[in-house]
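**Student:** Take this structure, written in structure tokens, and hold onto it; I'll ask about it next.
Protein chains in written order, with the numbering used here: chain A, 1 to 305; chain B, 1 to 305.
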């Protein structure tokens with residue numbers, strides 16, 4: 001019983017006030033699958049070029065991630081470069097070379113199609129939809145999107161998320177998608193569009209989860225130092241969905257318990273916080289489930305009253 | 001066993017996207033004492049002019065607030081007017097007439113001086129200090145300050161808060177006071193200045209509390225509608241301190257339990273949230289302790305995992 005993750009595997013160049021790395025493993029699918037792999041078996045669907053390093057395959061494989069859906073084609077792997085502001089709340093994209101990613105058309109290996117859990121990284125809505133159509137038996141399927149798709153591919157996006165169980169976005173995206181400023185009413189409007197579980201990420205301020213019977217909110221973790229926030233939102237998504245997959249959620253059996261959803265949001269927050277501690281995916285080279293549980297208990301401690 | 005509250009009693013003119021009131025009861029001492037009065041007996045120290053309305057006395061008296069320290073002198077009561085931005089995250093001051101408040105020199109009635117709890121609203125640090133000196137036996141004393149005193153009266157402020165048990169400020173003030181951007185390290189630096197309990201208010205994002213052994217964090221309450229945010233921070237302070245007074249905290253007996261401090265932060269958040277629901281102090285005309293407990297339970301529900 002695995003989680004299928006679809007999205008970009010990339011190389012990133014990142015500069016933050018704490019340093020600069022010209023080329024390192026990145027991409028939404030990479031971050032999501034590494035984070036989720038601590039909770040549940042993961043199978044990825046992505047595309048890379050013939051420049052993709054063996055050591056990066058090895059890192060993913062070392063976390064038990066099924067790479068049979070990782071297509072390798074002639075050409076270069078997707079490359080993105082960006083620089084963060086002094087407080088790291090803003091970033092400027094310096095370079096986006098889609099390369100082989102421009103031709104990405106997710107084809108799921110046969111043994112993926114019967115899996116119950118699916119997380120669709122931030123890619124073109126029509127591609128996300130094509131994955132949904134290949135996985136008709138999925139119990140719990142959803143994903144991420146971004147401003148670009150909300151603004152310029154709105155009807156395609158609406159046709160896609162109509163069939164989703166959950167949607168993960170940030171607060172400005174929630175306001176943009178719903179056209180409503182008040183987060184609670186924005187959430188109601190978005191749930192009417194399809195996803196009955198809506199997670200709104202708020203960066204350093206934490207995250208909220210909305211469902212038809214209420215909401216859950218958790219403040220952010222106070223990290224000693226944020227080295228590089230790239231991938232934090234994807235790691236949140238991986239922790240959130242990975243934990244729910246581990247717990248075997250099945251919305252067809254009735255509404256998911258709010259406490260369980262709350263714990264998933266906290267595991268998402270935990271994974272996002274670890275991601276920021278090192279550049280790129282470096283934190284996942286040493287992170288253990290024990291570290292994760294320890295931080296989860298920290299969350300319990302600083303939020304209990 | 002009462003809470004002594006010192007600060008401004010004023011008339012306010014407020015405009016928000018939800019309406020405009022030219023003149024209504026306001027002032028930090030007013031908001032603090034109304035909020036605290038739901039938890040503990042309150043005695044106020046403030047000054048008003050001969051234009052102060054009987055119905056405003058009556059409102060305070062109806063909450064059992066001891067007004068023997070409310071000095072009435074010839075002249076006009078402090079007047080402030082401001083207008084809020086569309087999203088109500090910013091406000092512009094249109095008018096500040098100190099009037100009789102310019103001559104405020106807090107003189108505590110004899111029966112105030114033996115009270116254990118003191119909350120000093122945002123006034124000149126030297127005046128706050130003069131109150132501290134009149135109340136040498138206080139068990140738990142602290143207060144609020146603002147950018148103006150941090151920037152222009154820094155040494156006076158440092159001499160004052162050195163003797164405080166707690167300090168309530170917002171996140172930008174914490175960064176300004178400490179000179180440190182990272183909230184956790186800012187908090188450490190501020191605790192070294194004196195107050196061993198530091199509450200950092202974060203508006204819609206909630207609040208954090210730091211103490212020498214850790215921290216507590218609670219997200220904000222999702223209000224259906226914010227009519228007027230004026231006084232929300234003061235109501236937070238009143239709820240926080242009022243609850244701790246009700247519980248009889250005494251730091252001389254050892255560190256205050258973090259769960260108790262956390263509950264105080266939540267009661268503060270509850271009172272701040274009610275304040276925003278109506279213009280000025282209007283919500284306190286009908287609010288009951290039962291309403292407060294109900295919202296406290298809502299906080300428990302949306303933060304539990």
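Quick reminder that beta carbons are idealized off the backbone N, C-alpha and C, glycines included.
Whole angstroms are fine: how far does the CA of residue 92 (chain B) sit from the CA of residue 86 (chain B)?
**Tutor:** Approximately 12 Å, taken between the alpha carbons.
**Student:** Does residue 87 (chain A) have its Cβ less than 8 Å from a Cβ in chain B?
**Tutor:** Output row for residue 87 (chain A): interface = yes.
**Student:** Assuming residue 235 (chain B) and residue 121 (chain B) make a contact with CB atoms under 8 Å, what is their CB distance in whole Å?
**Tutor:** Actually they do not touch by this definition, with Cβ atoms about 12 Å apart.
**Student:** Given this structure, state the Cα-to-Cα distance separating residue 211 (chain A) from residue 15 (chain B), to the nearest angstrom.
**Tutor:** Taking the straight line joining both Cα atoms gives about 34 Å.
**Student:** Measuring alpha carbon to alpha carbon, tell me which residue in A:76, A:163, A:183, A:270 is nearest residue 169 (chain A).
**Tutor:** Among A:76, A:163, A:183, A:270, the Cα nearest to that of residue 169 (chain A) is on A:183.
**Student:** If you measure beta-carbon to beta-carbon, which residues of the stretch 162-178 of chain A are closer than 9 Å to chain B?
**Tutor:** Cβ contacts with chain B come from no residue of the stretch 162-178 of chain A.
**Student:** Is residue 379 (chain B) helix, strand or coil by DSSP?
**Tutor:** Residue 379 (chain B) is absent from the model: chain B starts at 1 and stops at 305.
**Student:** Check whether the Cβ of residue 84 (chain B) lies closer than 8 Å to any Cβ atom in chain A.
**Tutor:** It does not; no Cβ of chain A falls within 8 Å.
**Student:** What residues from the stretch 231-244 of chain B come within 7 Å of chain A, judged by C-beta to C-beta, listed N to C?
**Tutor:** So nothing in the stretch comes that close.
**Student:** For the stretch 52-102 of chain B, list the alpha helix (DSSP H) runs that are entirely contained and at least 4 residues long, ordered along the chain.
**Tutor:** 54-62, all fully within the stretch 52-102 of chain B.
**Student:** In the stretch 50-79 of chain B, which residues sit with their C-beta less than 8 Å from some C-beta in chain A, listed in chain order?
**Tutor:** Cβ contacts with chain A: none found.
**Student:** Would you say residue 278 (chain A) lies against chain B (beta-carbon separation less than 8 Å)?
**Tutor:** Output row for residue 278 (chain A): interface = no.
**Student:** How should residue 206 (chain B) be labelled, buried or exposed, when 16 other C-beta atoms within 10 angstroms of its C-beta is the threshold for buried?
**Tutor:** Burial call: buried.
**Student:** Please say whether residue 200 (chain B) and residue 166 (chain B) have beta carbons closer to each other than 8 Å?
**Tutor:** No, the pair does not count as a contact, with Cβ atoms beyond the cut-off.
**Student:** Going by C-alpha to C-alpha distance, which of B:117, B:252, B:64, B:113 sits closest to residue 38 (chain B)?
**Tutor:** Here the closest residue by C-alpha is B:64.
**Student:** Below 9 Å on C-beta distance, what does residue 213 (chain A) contact in chain B?
**Tutor:** Those within 9 Å of residue 213 (chain A) in chain B number zero; the least Cβ separation is about 11 Å.
**Student:** Any chance the stretch 71-85 of chain B sits against the stretch 135-153 of chain B, with 3 or more Cβ pairs inside 8 Å?
**Tutor:** Taking 8 Å as the limit for Cβ pairs, the verdict is that the stretch 135-153 of chain B does not touch the stretch 71-85 of chain B.
**Student:** What three-state label does DSSP hand residue 31 (chain A) in the structure shown?
**Tutor:** Three-state result, residue 31 (chain A): helix.
**Student:** Residues of chain B with CB under 7 Å from residue 39 (chain A), in chain order?
**Tutor:** Result: empty, since nearest Cβ-Cβ is about 16 Å, beyond 7 Å.
**Student:** Under 8 Å by Cβ, that's how I've got residue 4 (chain A) and residue 118 (chain A) pegged, so tell me the actual separation to the nearest angstrom.
**Tutor:** Indeed they touch by this definition, with Cβ atoms about 5 Å apart.
**Student:** Strictly under 8 Å for the Cβ-Cβ distance: is residue 183 (chain A) near chain B by that measure?
**Tutor:** It does: the Cβ of residue 183 (chain A) has a partner Cβ on chain B nearer than 8 Å.
**Student:** At 4 residues or longer, and completely inside the stretch 228-280 of chain B: list those alpha helix (DSSP H) runs for me, N to C.
**Tutor:** Taking only runs of at least 4 residues, the alpha helix (DSSP H) segments lying wholly in the stretch 228-280 of chain B are 232-246, 258-276.
**Student:** Using a threshold of 8 Å, state whether the C-beta atoms of residue 31 (chain B) and residue 23 (chain B) are closer than that.
**Tutor:** Result no, Cβ atoms of residue 31 (chain B) and residue 23 (chain B) do not sit closer than 8 Å.
**Student:** Mind pulling the beta strand (DSSP E) runs of 3 or more residues that sit fully within the stretch 142-212 of chain A?
**Tutor:** Taking only runs of at least 3 residues, the beta strand (DSSP E) segments lying wholly in the stretch 142-212 of chain A are 166-170, 197-201, 207-211.
**Student:** On the three-state DSSP scale, how would you describe residue 23 (chain A)?
**Tutor:** In the structure shown, residue 23 (chain A) sits in a strand (DSSP, three-state: E or B).
**Student:** Just list the residues that DSSP pairs residue 10 (chain B) with in beta bridges.
**Tutor:** In the DSSP output, where bridge partners are listed per residue, residue 10 (chain B) has B:26.
**Student:** Applying a beta-carbon distance threshold of less than 7 Å, which residues of chain A neighbour residue 42 (chain B)?
**Tutor:** Those within 7 Å of residue 42 (chain B) in chain A number zero; the least Cβ separation is about 24 Å.
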